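For the sequence shown, the positions run 23 to 733 when this note's numbering is used. Think of the CB as a built atom: it goes at the ideal place given N, C-alpha and C, for glycine as much as any other residue. Values in this document were obtained by computation on a predicted structure and should not be read as measured data. Here the structure is laid out as structure tokens; the discussion comes afterwards.
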Amino acid sequence: MLLRHDFKILTIIIIWSSFQYFILGKYSFVLFGDELDPVFSHLMGNKFTDCDRCLWYPFAASGTDQLSLGYTPDFDRILVQLLPGWLAYQIRHILQIAAFVIGLFIMGRHTFGLARPGAYFAALVGGHWLSFALLHGSAAGFLPLLILTISWLLKSPDKLARWSITLAACAFYATTTHINFFVGFPFVIMTIWFFVAEKKYRMRDWVILFGLFIFCMLFRTQDIFSLMMNAPLSHRANWQHYNLSFIDALLDGPGRIIAFTFDPRSSFSYVYNVAFNALPLLGPVMLVGIVLRWKGDAHVRLLGLLIACLALAEIFLPIAKYLLYDVIPVIRGFSMNKLWYMSTFAVILGAGVGFQCFYDWARNENRTWRAPIVRKYLYLTPVFVLVLGDIVEKSSFVAYEWVSQGNYVQAYESPDLTELARKINASGNPSRVSSFQIYDSLLHGYGLETAGGTVVLFSKRYSEFWDKMYEPSAGIDPVADTQRKKAGQTMTMGITKSNLDKKDKRNLSERYRLNFLSLANVKYVVSRDQFTDPQLVLANGVEPKKAWSSLSNWDKALINVKGNFTGRTHINIYENQRVLPRFFLSDAYEIAADNADALNRMANKSEEDLKRSVILSENDLPPSFDRLERFSTEGRIKIKSSGTDRIELEIATKEPALLVAGNSYSPFWVCRIDNVVTPIVPAYTTFWAVRLPAGAKNVTFTYEPPYRLIN
């Protein structure tokens, strides 16, 4: 039972742990990378979808759908569709902080027999931990309460009320978790928990547990099958970055456990600009507490055994991955660090044991202190250290980022980007936007469709296309090269963390193949710098804004602070005068030996040449392809509708024609010409080409993956 005093203390802990969100209110900064990198922009994009349950990811030419990306659970989508983005973000994360704090306290008190001081300290550590490491996507904060709810059911499985509450908790967890954290890892943790911590050995209990696991999976069935079918087509199919040797596999698990337990910053270096932090003390405090209480406390021995079993599972997973390389090759592209990542609550409870030891020692009535106040308040020292670390690190970091990078208003309420989105939508013709020194994902929050972005899964075809476009920059910017290769999910140009030069003006074509951007239907480029390319014409002002690279840090700070209240205005929007339309007719084609040959040929062609002659790969041609057929460009294309999962065109052609669409290829798109299914051939290795018969009138593209359950 929670007493009224417990509710008061836990409420204070929750408010303090959420302080950085409450204190800054609407102007709070998203604490995951500069420019709000990938974390929330894709969710903001859901405001602009043309259907409630569309599958195709609508704002990046990634070549995969939302389900395979796995990070748009229904709860998050509903939040951002109903509420302003800043409020949706805060609700999403403060709910998780509150659940984690309460769950840890109850676990500490009722499962592991912690006295209130130790349980309070575990709750405080949990709130601090989640504020940075596990807030977004994993839903790890909800896991302790979910486990407790299931445990509550198993004690009296004959009560309907307990079933109702448990099923609701499972459904909530299933709809708040990114799929890469959801499949397997919670089930492994809960299996270890109920076998070790609660000693559930009856068959009835395990039948219920397995049934609840299947119940959770039902909510994400489409996501699971989408990931299974899209991953082999993606850039992760044979991703060498995660291709561990056997020795690497042996060392991977222990290395992650040590790093994450004793210094969580090592796993999140992109978040922490550390001046001081108390969380690295978590591991030693846990070890000291468990060692001191091991002999005399059965609850502590149980907790130690739980932590050891979770650690063994984490050690085994990379080895299992290594052994499965030949059986499931695509597994190379996925990391195995999620289990320990989500098992942190057990380590935090161990820290609560350590604090309890210190509390009992400091408050020992037999201990004599010269100053009575020392005995009375000495136990608060660890709390003071933890809170001081939070103030120095989190608050100072938030303030620094608020000045140096910006906040929600600056990111999502820029009048220039809002006007650009309105302009594109009013034109009736779809066109993409790319950016320089700003992550493309940011633009999704305005409903802008981008050529790049930051997504966990994109097609191998599009990845190769982007790499060829990026090729002139290779070696010029080592920081950007390294980030692109290691992140494996970032398609950006001139990222803000790279070591760009201090030029006042720059020629973008010296670093990127603009003909590739034109082919990808990139009509606009958003930049904080100035471009001198003849084909890029300033579209949002008479005079360009000063080049960001040439400004002093003081000037940048002043601009950012102003933008925090008025929205980002210090940007240049350039219109690409050579952009190719999203849909066009071509009268010829040439056949390359393979995709690499096709990309090499494309690299040296102008936009006019690319439009005139479609480049096809030999290995993509269907058996029925007529290599001698010639086509006419005499015709008219009218876009009736251009949605996420369905595109309708009205065509007027008297002779056979070759229709090209600048949409990323997926085998799950289906083309119907006057209600007759027609194959889509990959054009330029990654887009669409469709043969139109003479007299064709209507062309419809629909996204029809075999795993689609709800239309």
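| Check | Outcome |
| --- | --- |
| Distance, residue 632 Cα to residue 638 Cα | 11 Å |
| Status (buried if at least 16 other CB within 10 Å, exposed otherwise) for residue 562 | buried |
| Minimum length 4: unbroken alpha helix (DSSP H) runs contained in the segment 300-343 | 304-315 |
| Selected residue, minimal CA-CA separation from residue 717, among 680, 148, 470 | 680 |
| Whole beta strand (DSSP E) elements within the segment 414-491, 3-residue minimum | 454-458 |
| Whole-angstrom distance between residue 335 and residue 273, CA atom to CA atom | 13 Å |
| Where residue 351 sits in the DSSP three-state scheme | helix |
| Bridge partners - residue 525, DSSP secondary structure assignment | Residue 525 pairs with nothing; no bridge assigned. |
| contact_flag[the segment 447-463, the segment 543-563] where n(CB pairs < 8 Å) is 3 or more | yes |
| Three-pair Cβ contact test at 8 Å for the segment 167-181 versus the segment 219-236 | yes |
| Inter-stretch contact at 8 Å, needing at least 3 Cβ pairs: the segment 704-720 / the segment 482-497 | yes |
| Residue of 617, 260, 446, 147 minimising C-alpha distance to residue 406 | 147 |
| Proximity of residue 207 and residue 30 at Cβ, strictly below 8 Å | no |
| Where the beta strand (DSSP E) through residue 606 begins and ends | 605-608 |
| Separation of residue 516 from residue 296, as counted between CA atoms | Note that residue 296 scores a pLDDT of 38, beneath 50, so its modelled location is shaky; the value from the coordinates is reported in the next line. Residue 296 and residue 516: Cα-Cα distance of roughly 25 Å. |
| Where residue 120 falls: helix, strand or coil (DSSP) | helix |
| Contact check, residue 98 vs residue 65, beta carbons under 8 Å | yes |
| Local conformation of residue 563 per DSSP, three classes | coil |
| Proximity of residue 371 and residue 144 at Cβ, strictly below 8 Å | yes |
| Distance, residue 447 Cα to residue 413 Cα | 44 Å |
| Cβ shell of residue 149 (< 6 Å), same chain only, five flanking positions each side left out | 35, 39, 119, 123 |
| CA-to-CA distance, residue 258 to residue 281, given in whole angstroms | 25 Å |
| Start and end residues, alpha helix (DSSP H) containing residue 142 | 138-152 |
| Within the segment 598-649, ranges of the alpha helix (DSSP H) (whole runs, at least 4 residues) | 617-625, 629-634 |
| Pairwise C-alpha distance: residue 217 and residue 126 | 19 Å |
| Coarse secondary structure for residue 670, derived from DSSP in three states | strand |
| Integer Cβ distance of residue 432 from residue 589, believed to fall under 8 Å | 6 Å |
| Range of the contiguous alpha helix (DSSP H) that encloses residue 194 | 182-196 |
| Cβ-Cβ separation, residue 373 to residue 401 (assumed contact under 8 Å), whole Å | At roughly 14 Å, the Cβ-Cβ gap does not stay under 8 Å, so residue 401 and residue 373 are not in contact. |
| Secondary structure of residue 268, DSSP reduced to three states | helix |
| Whole-Å CB distance - residue 71 paired with residue 472, under 8 Å assumed | Actually they are not in contact, since the Cβ atoms of residue 71 and residue 472 sit about 15 Å apart, beyond 8 Å. |
| Contact under 8 Å by Cβ, residue 605 with residue 671 | yes |
| Per-residue burial, residue 248 [other beta carbons within 10 Å of its own, 16 or more giving buried] | buried |
| Close beta carbons around residue 552, own chain, < 6 Å, minus the five adjacent residues each side | 527, 566, 569 |
| Assigned exposure category for residue 582 - 16 Cβ within 10 Å defines buried | buried |
| Spatial distance of residue 560 from residue 543 (CA atoms) | 18 Å |
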